[in-house]
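Visitor:
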Amino acid sequence: MLATTAPNSLVMNPTSMLVEMKSFIPSSYTFETKIQKIKQELLTSTLDCCAKDETNEQYLYEMQDIIDHLPKLPEIQQQKLTIPEFDEIEVRLTDSVEIKKFIRKVNYEFLGFHCNHKVIDIYKSEEFKTYDNFVSLVAECVWQIRDKDRRGKVWNQQIKPATFELKKTIYALVILAGQISEYNAKMNSQCSKCKAATRKYNYSVKEIERMRKDHTDLKKEVEKPAEDKMDMLTFLNKNYPTANDFLLSDVKKKYKETFGIVKIFDILREEIEATKLFKVMNHHNIYHVKRL
Numbered sequence: 041m042l043a044t045t046a047p048n049s050l051v052m053n054p055t056s057m058l059v060e061m062k063s064f065i066p067s068s069y070t071f072e073t074k075i076q077k078i079k080q081e082l083l084t085s086t087l088d089c090c091a092k093d094e095t096n097e098q099y100l101y102e103m104q105d106i107i108d109h110l111p112k113l114p115e116i117q118q119q120k121l122t123i124p125e126f127d128e129i130e131v132r133l134t135d136s137v138e139i140k141k142f143i144r145k146v147n148y149e150f151l152g153f154h155c156n157h158k159v160i161d162i163y164k165s166e167e168f169k170t171y172d173n174f175v176s177l178v179a180e181c182v183w184q185i186r187d188k189d190r191r192g193k194v195w196n197q198q199i200k201p202a203t204f205e206l207k208k209t210i211y212a213l214v215i216l217a218g219q220i221s222e223y224n225a226k227m228n229s230q231c232s233k234c235k236a237a238t239r240k241y242n243y244s245v246k247e248i249e250r251m252r253k254d255h256t257d258l259k260k261e262v263e264k265p266a267e268d269k270m271d272m273l274t275f276l277n278k279n280y281p282t283a284n285d286f287l288l289s290d291v292k293k294k295y296k297e298t299f300g301i302v303k304i305f306d307i308l309r310e311e312i313e314a315t316k317l318f319k320v321m322n323h324h325n326i327y328h329v330k331r332l
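Structure below.
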C-alpha cells in the first residue's frame, strides 16, 4: 500500500487569489487591469487616498476602511500530500464463499478511495465569488471617485456597496474561514480521513488472514485420517440415543461444547450422512436431522 507525505509546505494568503497572477500595467492598459490594480491596493491597505476634492478624498478613505474592516481569512497551509493507494486483495482458489464475499467488499471500497485535498474547490465556492465580487465593487467605486475627481466633480455614490451586500460578504467570509480551517486540518502530517481509511484497510487485511487461518484449520480437521476423526455416529448416539428428529443447530452447539470445534452446517451434514443412519433435511430453511 502506498501512503506517503511530502514535507514541503507552502503558506498562502487566500486574498491573493482575488488579484490576477500577472504583472500590472501591461501594454494594453484596460479598465479590468485598473480594477485589478486597485483591488491589490485595497487588499494590501496601500490605496492612495489623495484627491483634489476633500469629499472625494473622504470617500477614498471610506472605501479602504470598508475592506480593512472585513473579517480576516486564515492563511492556507498547502502541503504536497499523497492520497493513499490501496493494493487489490486477490481472491484465492482455496478461499471459502464467505471469505471471497468479504474480499470483494473490501476491494470495492478501497480501490475507489478518494479524498479531496484540492484547495481550488475553495476558490470555486459561491462564498469566494461573493467576496471577490464585493472587493471588485469597492474597487470600481475607487475608480469612479478618482475619475470624478480628475474631472473636478464629486462622486455621486451611485454604486456604493449597500448594507445588505456588506452583510452578505461578511457571512460568506465566516463560511470561507471554516472551509479553510477544515482544509488546513487535512493538511496535517496526514489527512485524518486518509489515516482512518489506512487503519480500516490494514484491519481488513488482518481479518482476511484470520478467516483464512480458521478455514484452513477447519479443513485440516475434516481431512484427518479416518482413525483420527471424531466418531460422528458415536457422538450422535450418545447425545440423541432415542431421538428420531432433532435440529442440526443443536448438533453444532453440542459438538462445540464437547470438542471445542466449530463446524459449519455443510461439514456437519456431510459427516452425519456419511454414517448412513441419519439424514439432514431442510424444512422451511430449518435443518433437521432425521434417523433413518
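Residue numbers (our numbering): 41 to 332. All residues carry an ideal CB built from backbone N, CA and C; glycine is no exception.
(1) Give a single yes or no on whether M272 has its beta carbon closer than 7 Å to a heavy atom of the ligand SAM.
(2) Along the beta strand (DSSP E) that carries K318, what are the first and last residues, could you check?
(3) Judging by CA-CA distance, which residue of A212, C181, F305, Q219 is the nearest neighbour of I75?
(4) For a test of the three-state rule: what should DSSP assign to D285, helix, strand or coil?
(5) Between T170, Y163, N196, K208, which lies nearest to Q219 when the distance is taken from Cα to Cα?
(6) Excluding sequence positions up to five away, which residues of its chain have a Cβ less than 6 Å from the Cβ of H154?
(7) Compare the beta carbon distance of Y243 and F126 with 8 Å and say whether it is the shorter of the two.
(8) Secondary structure at V302, three-state DSSP: helix, strand or coil?
(9) Less than 8 Å between the beta carbons of V178 and L82, yes or no?
(10) Only counting the same chain, and skipping five residues up and downstream in sequence, which positions put a Cβ closer than 6 Å to that of A237?
(11) Does Y99 come out as helix, strand or coil in the three-state DSSP assignment?
(12) In whole angstroms, give me the CA-to-CA distance for K293 and V131.
(13) What's the call for M61, buried or exposed, on a 16-neighbour Cβ count within 10 Å?
(14) For N224 and L110, I'd like the C-alpha separation in whole angstroms.
(15) With H, G and I counted as helix, E and B as strand and the rest as coil, what does DSSP make of H154?
(16) Which residue comes first and which comes last in the beta strand (DSSP E) that contains Y171?
Guide: Based on what the coordinates show:
(1) As for the ligand SAM, it is missing from this structure, which has no ligand bound.
(2) One detail in the question is off: residue 318 reads as Phe in this sequence, not Lys. Its beta strand (DSSP E) spans residues 318-323.
(3) Answer by Cα proximity: C181.
(4) DSSP places D285 within a strand segment (E or B) once states are collapsed to three.
(5) Scanning T170, Y163, N196, K208 for the CA closest to the CA of Q219 turns up Y163.
(6) When the five nearest sequence neighbours on each side are left out, no beta carbon in the same chain lies closer than 6 Å to the beta carbon of H154.
(7) In this structure, F126 does not lie closer than 8 Å to Y243 by Cβ.
(8) Assignment of V302 by DSSP, reduced to helix, strand and coil, places it in the coil class.
(9) Between V178 and L82, the C-beta spacing is below 8 Å.
(10) The answer, listed in chain order, is F153.
(11) DSSP, reduced to helix, strand and coil, places Y99 within a helical segment of the structure shown.
(12) Looking at the two C-alpha atoms, the distance is approximately 31 Å.
(13) The predicted position of M61 is uncertain, since its pLDDT is 43 and thus under 50; no value can be drawn from it.
(14) Each residue's CA atom was taken as its position, placing N224 and L110 some 21 Å apart.
(15) In the structure shown, H154 sits in coil (DSSP, three-state: anything other than H, G, I, E or B).
(16) Where Y171 is concerned, there is no enclosing beta strand (DSSP E), although the alpha helix (DSSP H) it sits in stretches over 166-190.
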